[in-house]
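To start, the structure itself, in structure tokens.
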Amino acid sequence: MPPKLAKEKKEEINKKNLISSIFKENFFIRPSFDIYGGKAGLVDLGPLMATYQNNILNAWREHFVNRDGVVELESTSITPEIVLINSGHVKKFADVLIQEVENGEIYRADHLLENFINQKIQSEKDKLDADTLVELERIKRDADALKPEEIDAIVEKFKVVSPNGKRLSQARNFNLMFKTSIGPTGLDSAYLRPEIAQGIFMNFQFCYEYLGQQLPFGVAQIGKAYRNEISPGGGLFRMREFSLAEIEFFYDEKQQTHSGVVVVDDVEIILYPKEEQMRSAEERIDSKDLLIKISIKQARSGIVPQIASSTTSETRILLQNEILAFYIGRTQLFLEKIGFRRSNLRFRQHLDKQRAHYARDCWDAEALTTSGWVEIIGIADRACFDLGAHAKGSGKQIGASRKLDQPIERLVLKPEKGKISQVFKKDTSIVANYIESLNQNEEEASSIKAQLNEGKDGVKEATIYPYKTSTGERDLVKSVKITPDMISLKTEKLTEENFYPFVIEPSFGISRILFSSIEQGIYTRPEDDQRAVIPFPPSIAPIKVGIFPLYSKKPFIDLSLQIAGLLQHFPTRIDKSSASIGRRYSRSDEIGIPFCITVDYASLDSDVEIKKEKNDEESGKESVSNQTVTIRERDSMDQIRVHRSVVVDVITRLVKQELLWSDAVKQFPGADKKDQKE
Numbered sequence: 154m155p156p157k158l159a160k161e162k163k164e165e166i167n168k169k170n171l172i173s174s175i176f177k178e179n180f181f182i183r184p185s186f187d188i189y190g191g192k193a194g195l196v197d198l199g200p201l202m203a204t205y206q207n208n209i210l211n212a213w214r215e216h217f218v219n220r221d222g223v224v225e226l227e228s229t230s231i232t233p234e235i236v237l238i239n240s241g242h243v244k245k246f247a248d249v250l251i252q253e254v255e256n257g258e259i260y261r262a263d264h265l266l267e268n269f270i271n272q273k274i275q276s277e278k279d280k281l282d283a284d285t286l287v288e289l290e291r292i293k294r295d296a297d298a299l300k301p302e303e304i305d306a307i308v309e310k311f312k313v314v315s316p317n318g319k320r321l322s323q324a325r326n327f328n329l330m331f332k333t334s335i336g337p338t339g340l341d342s343a344y345l346r347p348e349i350a351q352g353i354f355m356n357f358q359f360c361y362e363y364l365g366q367q368l369p370f371g372v373a374q375i376g377k378a379y380r381n382e383i384s385p386g387g388g389l390f391r392m393r394e395f396s397l398a399e400i401e402f403f404y405d406e407k408q409q410t411h412s413g414v415v416v417v418d419d420v421e422i423i424l425y426p427k428e429e430q431m432r433s434a435e436e437r438i439d440s441k442d443l444l445i446k447i448s449i450k451q452a453r454s455g456i457v458p459q460i461a462s463s464t465t466s467e468t469r470i471l472l473q474n475e476i477l478a479f480y481i482g483r484t485q486l487f488l489e490k491i492g493f494r495r496s497n498l499r500f501r502q503h504l505d506k507q508r509a510h511y512a513r514d515c516w517d518a519e520a521l522t523t524s525g526w527v528e529i530i531g532i533a534d535r536a537c538f539d540l541g542a543h544a545k546g547s548g549k550q551i552g553a554s555r556k557l558d559q560p561i562e563r564l565v566l567k568p569e570k571g572k573i574s575q576v577f578k579k580d581t582s583i584v585a586n587y588i589e590s591l592n593q594n595e596e597e598a599s600s601i602k603a604q605l606n607e608g609k610d611g612v613k614e615a616t617i618y619p620y621k622t623s624t625g626e627r628d629l630v631k632s633v634k635i636t637p638d639m640i641s642l643k644t645e646k647l648t649e650e651n652f653y654p655f656v657i658e659p660s661f662g663i664s665r666i667l668f669s670s671i672e673q674g675i676y677t678r679p680e681d682d683q684r685a686v687i688p689f690p691p692s693i694a695p696i697k698v699g700i701f702p703l704y705s706k707k708p709f710i711d712l713s714l715q716i717a718g719l720l721q722h723f724p725t726r727i728d729k730s731s732a733s734i735g736r737r738y739s740r741s742d743e744i745g746i747p748f749c750i751t752v753d754y755a756s757l758d759s760d761v762e763i764k765k766e767k768n769d770e771e772s773g774k775e776s777v778s779n780q781t782v783t784i785r786e787r788d789s790m791d792q793i794r795v796h797r798s799v800v801v802d803v804i805t806r807l808v809k810q811e812l813l814w815s816d817a818v819k820q821f822p823g824a825d826k827k828d829q830k831e
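Note that my numbering has the sequence shown beginning at 154, numbered continuously upward.
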């Protein structure tokens, strides 16, 4: 390994070890059920991380919800099977696993391939021809989109073995959803939701009516999702239970505009489009030379600046949808607001093979971590896949309407409920609703019309759930024979038409954001690599203020408690330990406390008498009492001295960032650090 890479690898390991140590010592996170040995992929958040998560979510709500036409709801985690059948998750929500033949040890196939290829290129680079190198890079790039049979062919061709050097079995799909049942019979199948979007789609029609049947609008939700990961691990990155914050923004596909896009037009972002990813693999160009630094306005207007691997700029619209562009810009601003560095963020477009079954375009916000670029947010163009699937699957009318420029006449399908009830009894309304829903699918409705006009029977499948058979079993789908006398064709004069709204979905992996924001930010003091600092922005820091009585005598502690009481609207921590003030500052830095108040002799009332001890002689006992305290800022370690009467106001404005530290230093005198040496 080249010296530079070896040094970078060592620094990554040191940072991981540092974070692990701080997390453990300060109870940021712990494995769930740790006293019983724990379970991979399940993690409990301690007081600091739980508070940090709440602060991130509050910042997210403030940034995205109750503005730009976005409202919030809450839906359940337990999801009936039929919902996830129609959404495509039962069939397609899977990763590919592969096992060792000898002992059955299981691996996620794409991760195994990526690691194997990395090692092969590193160890055999001089022996591999150019075509083979390109092929290996292409496999690595597409690994998470490969089908089991494609993986089997690669394993055979390149003699891929497990990390233990063992022979591998055939690859197979593994559905990632946790299955359960509703009720005591065990017959009503359900799953823990793998995403929180479906609960929003279930409630689209009610939100549409609640908001006056006007588009566009967004629906936000925060909640837990569950995925039975094959290979969980990696801090908070691949978990089996995790928090998401999502928005489904519904709009008319004929009006793909957003009034707020001008506000984010000047936001600078870094894009990694699919074309550049293809070049990276085909031409073996380092991805950092293919990243495009661009403004939102340039990305949606087609002005692509020159990049490192090219000598010219070009014309190419990178963000085709204005609403998607708006949310990428808003997401960039949010991530910078909570402490991410712009240089360590990028938006990577999914390759065609990588897109989820419901998406027609998707961009991931990725953060640069010690594990490389890691997805923390997905911003997907889901088109109208979900609403269309659930309208068809439920037999209910779901959608919106728009006024027509000119009235039109058309034949529509109308259910004859009297005839339907003779055959379907209690299921009459379900079949009737299904027939009416077909009018939103022109192709399907036209087919039935043609069959009826020719006097033929139509055989359709309507979703009737739950449907109990004579044996008491439940079917998810019943084949329904629709005869001509059950449907009539009527001419309607329409002044408006129904349609399925399209959807842009920003989905925020909160657990990933928590971990990667800390990993990106954490650093050690230049003068002491054992002194770690987590630079939480004041607005989202778990603890806003540390309060330190310089001595453990009663007057110092009483005044510290008094100040803490006045600051009870902020999370505070009083450190009354006998440790040196420098050590206490260090402890507060490693948990990210932005401001510390120190109560010393000068802070006390002038008439307070204190029994002096020998060590006081060396600690500034001669300080003149002027009822002032010091405020120390974490990142600069600079201190100011303010009067007790204004300390609450100053701290409040600093935490809310209404007063910048640079301005506070100009406004208030600096503190004498001789009593508070770090």
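Glycine included, every Cβ here is placed at the ideal spot set by N, Cα and C. Source: prediction; values computed, not measured.
Can you give me the Cβ contacts of residue i inside the same chain, cut-off strictly under 8 Å, excluding the 5 residues immediately before and after it?
i	result
K643	L564, V565, K567
L226	G352, I353, N356, C360, V372, A373, Q374
G492	S670, Q673, G674, P688, F689, P690, I693
K556	T648, E649
From the DSSP output, read off the bridge partner residues of residue i.
i	result
L642	L566
T648	DSSP output for T648 lists no bridge partner at all.
K446	I423
P702	V752
L498	A520
N592	None; N592 has no bridge partner.
Q252	I259
E401	V372
I561	L647
I456	T468
V196	P184
Count the other CB atoms within 10 Å of the CB of residue i; is the residue buried (16 or more) or exposed (fewer)?
i	result
G371	buried
Q473	exposed
P654	buried
L340	exposed
S660	buried
A283	exposed
P347	buried
R320	exposed
L667	buried
G735	exposed
I188	exposed
A732	exposed
Can you tell me which of the options puts its alpha carbon nearest to the alpha carbon of residue i?
i	options	result
V414	T636, D221, I666, S574	D221
M639	Q820, I530, I251, S574	S574
T126	S756, I716, D791, I734	Here the chain has residues from 154 to 831 only, and residue 126 is not among them.
G745	T677, L812, L757	T677
E743	S174, N167, I166	S174
L477	S731, L667, Y404, Q507	Y404
S789	T410, G365, P679	P679
V249	K300, V218, Y480, F500	K300
S669	F186, I304, I209, I188	I209
T751	Q721, G718, S759, R797	R797
E569	I561, T581, P560, L521	T581
S228	V287, I349, L286, D297	I349
E589	G546, L504, F487	G546
Residue i and residue j look like a contact to me (Cβ under 8 Å); what is the Cβ gap, rounded to whole Å?
i	j	result
N497	K549	Not quite, the Cβ-Cβ distance comes to about 46 Å (not below 8 Å), so this is no contact.
F181	L195	With 8 Å as the limit, F181 and L195 do not qualify as a contact, their Cβ atoms being about 16 Å apart.
P688	Q810	No, P688 and Q810 are not in contact; Cβ-Cβ is about 14 Å, not under 8 Å.
R137	W526	Missing from the structure shown is residue 137; the chain here goes from 154 to 831 and no further.
I529	A518	6 Å
V782	V801	About 11 Å separates the two Cβ atoms, so there is no contact after all.
I532	T468	Actually they are not in contact, since the Cβ atoms of I532 and T468 sit about 24 Å apart, beyond 8 Å.
I481	W516	6 Å
I727	S739	Actually they do not touch by this definition, with Cβ atoms about 17 Å apart.
T232	A343	6 Å
Going by beta carbon distance, what residues of the same chain come within less than 6 Å of residue i, once the five residues before and after it are set aside?
i	result
R697	This sequence places Lys at residue 697; Arg is not what is there. These residues qualify, in order along the chain: F723, P724, V808.
E429	L443
N167	none
F269	V313
Ignore the nearest five residues each way along the sequence and tell me which others in residue i's own chain have a CB closer than 7 Å to its CB.
i	result
D816	none
V416	none
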